[in-house]
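Asker:
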Amino acid sequence: MAKAARLLDEVKPGAGVDRTLIRELLKLTPTERAHLAIAAARSVARLKTSARPL
């Protein structure tokens, strides 16, 4: 158990995280990000209405 705790302590937060998408989104203007968010929300809404109920 102590060995597992030691291994967990050695893991650095954020290590191995691909930040490419985050960087690309931050290059957009706030207006562009808002338009992108609206388009994504509309896509989710269409998906929800077209999905079969469980």
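Residue numbers 1461 to 1514, in this note's numbering, belong to the letters of the sequence shown in order.
Using N, Cα and C, we set each Cβ at its ideal position, and we do this for glycine too.
1. In three-state terms, what does DSSP make of Ala1505?
2. When DSSP labels each residue in this structure, what does Thr1489 get in the three-state scheme?
3. Tell me the DSSP secondary structure of Leu1514 in three-state form.
Answerer: On the basis of the data shown:
1. helix
2. The answer is coil: DSSP assigns Thr1489 none of H, G, I, E or B.
3. coil
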